[in-house]
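Student: I'd like to ask you about the structure that follows.
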Amino acid sequence: MSEPDHVAVYVDPVCPFAWLALGWLREVARQRPLDLEVRRMSLAVLNGEDPVAPARGEDSAWRPARVGARLVAERGEDAWAGFVEAFGTRFHDQGLRGRDRVLREVCDELGDPDLYAAADRTDLDDDVRARHDEGMAPVGLDVGTPTLHVTTARGAVAFFGPVLERALRGQEALDAFDGAVLLAGVPGFTELKRTRSGEIDFG
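Residue numbers (this note's numbering): 583 to 785.
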């Protein structure tokens with residue numbers, strides 16, 4: 583029996599497109615064997631946000647990245663998936679605002695309110711950058727989240743996207759996965775894109 587496909591998806595929890603992509607991959611995993619791993623990337627690093635004096639204050643993308651890094655340091659890399667799930671459910675599915683409130687609730691849900699203090703600490707910023715760079719290395723610096731590293735029986739590919747505006751279910755989710763991986767494996771292929779509508783459906 584062949585090994586299941588392996589997907590490492592690099593996400594920042596504040597990104598709606600990363601949240602949709604993660605839901606899509608979980609739908610794929612519900613229908614076929616898929617070894618799905620959720621890894622860290624950072625919109626704060628991607629966008630060059632100042633780590634010392636973040637321009638967005640309590641809504642800075644550094645804050646959830648830092649809390650997540652502290653959680654991972656204490657509980658291991660697998661803890662990141664639970665952090666993203668708790669944050670994304672509130673922030674994206676439930677529409678709870680602002681990010682700081684969401685972050686406090688997530689720390690409470692994870693059973694460690696003291697984690698929240700890590701949002702303003704810089705001691706793990708180098709780790710945040712390193713994990714971000716790990717995700718971007720195979721695809722280049724002019725992309726974002728979600729970024730996927732996929733290993734199948736055909737080989738390994740890495741790519742940015744797909745950027746989805748709505749949740750994919752059933753056969754549609756499988757077709758999107760197979761198509762994206764197949765296209766990403768074509769030598770010389772770099773981009774497929776069209777203008778977004780601006781309307782996002784997490785349903």
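Cβ coordinates follow ideal geometry from the N, Cα and C atoms, glycine included.
(1) Using 8 Å for Cβ pairs, my map puts PHE665 next to VAL596. What's the rounded Cβ distance?
(2) Determine the burial state of PRO646: buried for a count of at least 16 other Cβ atoms within 10 Å of its Cβ, exposed for fewer.
(3) For GLY680, does the three-state DSSP call read helix, strand or coil?
(4) Since LEU618 contacts ALA643 with CB under 8 Å, what's their CB separation in whole angstroms?
(5) If you count every other CB in all the chains shown that lies within 10 Å of the CB of LEU730, and 16 or more means buried, which is it?
(6) Provide the residue(s) that pair with LEU616 in DSSP beta bridges, ordered along the chain.
(7) Hey, quick one: how far does the beta strand (DSSP E) through HIS731 stretch, first residue to last?
(8) Please list the segments of the beta strand (DSSP E) lying wholly inside the stretch 602-678, counting only runs of 3 or more residues, in order along the chain.
(9) According to DSSP, ARG748 sits in a beta bridge with which residue or residues?
(10) What would DSSP say about ALA738, mapped onto helix, strand or coil?
(11) Identify every residue that forms a DSSP beta bridge with TYR592.
(12) Is it true that the CB of PRO728 sits closer than 7 Å to the CB of ALA651?
(13) Using the Cα positions of GLY737 and LEU723, report the straight-line distance between them to the nearest angstrom.
(14) Short of 8 Å in beta carbon distance, which residues of its chain neighbour ARG608, apart from the five on each side in sequence? Order them along the chain.
(15) Mapping DSSP to helix, strand and coil, what is ASP696?
Tutor: Looking at the coordinates:
(1) Residue numbering aside, residue 665 sits at position 83 when the sequence shown is read from its first letter. Residue numbering aside, residue 596 sits at position 14 when the sequence shown is read from its first letter. So it is not a contact: roughly 12 Å between Cβ atoms.
(2) What you label residue 646 is simply residue 64 of the sequence shown in a count that begins at 1. So PRO646 ends up on the buried side.
(3) Taking the first residue of the sequence shown as 1, we reach residue 680 at position 98. The answer is coil: DSSP assigns GLY680 none of H, G, I, E or B.
(4) The sequence position of residue 618 within the sequence shown is 36, counting from 1. The sequence position of residue 643 within the sequence shown is 61, counting from 1. Not confirmed; about 24 Å, so no contact.
(5) Here residue 730 refers to the residue found at position 148 of the sequence shown. That one is buried.
(6) On the sequence shown, residue 616 is found 34 positions in, with the first residue counted as 1. Answer is ASP587, bridged to LEU616.
(7) If you number the sequence shown from 1, residue 731 lands on position 149. Taken as a continuous stretch (DSSP letters only), the beta strand (DSSP E) holding HIS731 covers 729-734.
(8) Counting whole runs of 3 or more residues, the stretch 602-678 contains the beta strand (DSSP E) stretches 616-622.
(9) Taking the first residue of the sequence shown as 1, we reach residue 748 at position 166. In the DSSP output, where bridge partners are listed per residue, ARG748 has ASP783.
(10) For the purposes of this step, residue 738 is taken as the residue at position 156 of the sequence shown. Correct three-state label for ALA738: strand.
(11) As a first step, residue 592 is located in the sequence shown; it is residue number 10 there, counting from the start. ARG621 and THR729.
(12) Taking the first residue of the sequence shown as 1, we reach residue 651 at position 69. Taking the first residue of the sequence shown as 1, we reach residue 728 at position 146. Result no, Cβ atoms of ALA651 and PRO728 do not sit closer than 7 Å.
(13) Along the sequence shown, read from residue 1 onward, the residue named residue 737 stands at position 155. Along the sequence shown, read from residue 1 onward, the residue named residue 723 stands at position 141. Computed Cα separation, rounded: 23 Å.
(14) Working through the sequence shown from its first residue, we reach residue 608 at position 26. These residues qualify, in order along the chain: LEU618.
(15) Here the question's residue 696 lines up with position 114 in the sequence shown. Looking at ASP696 - three-state DSSP - the assignment turns out to be helix.
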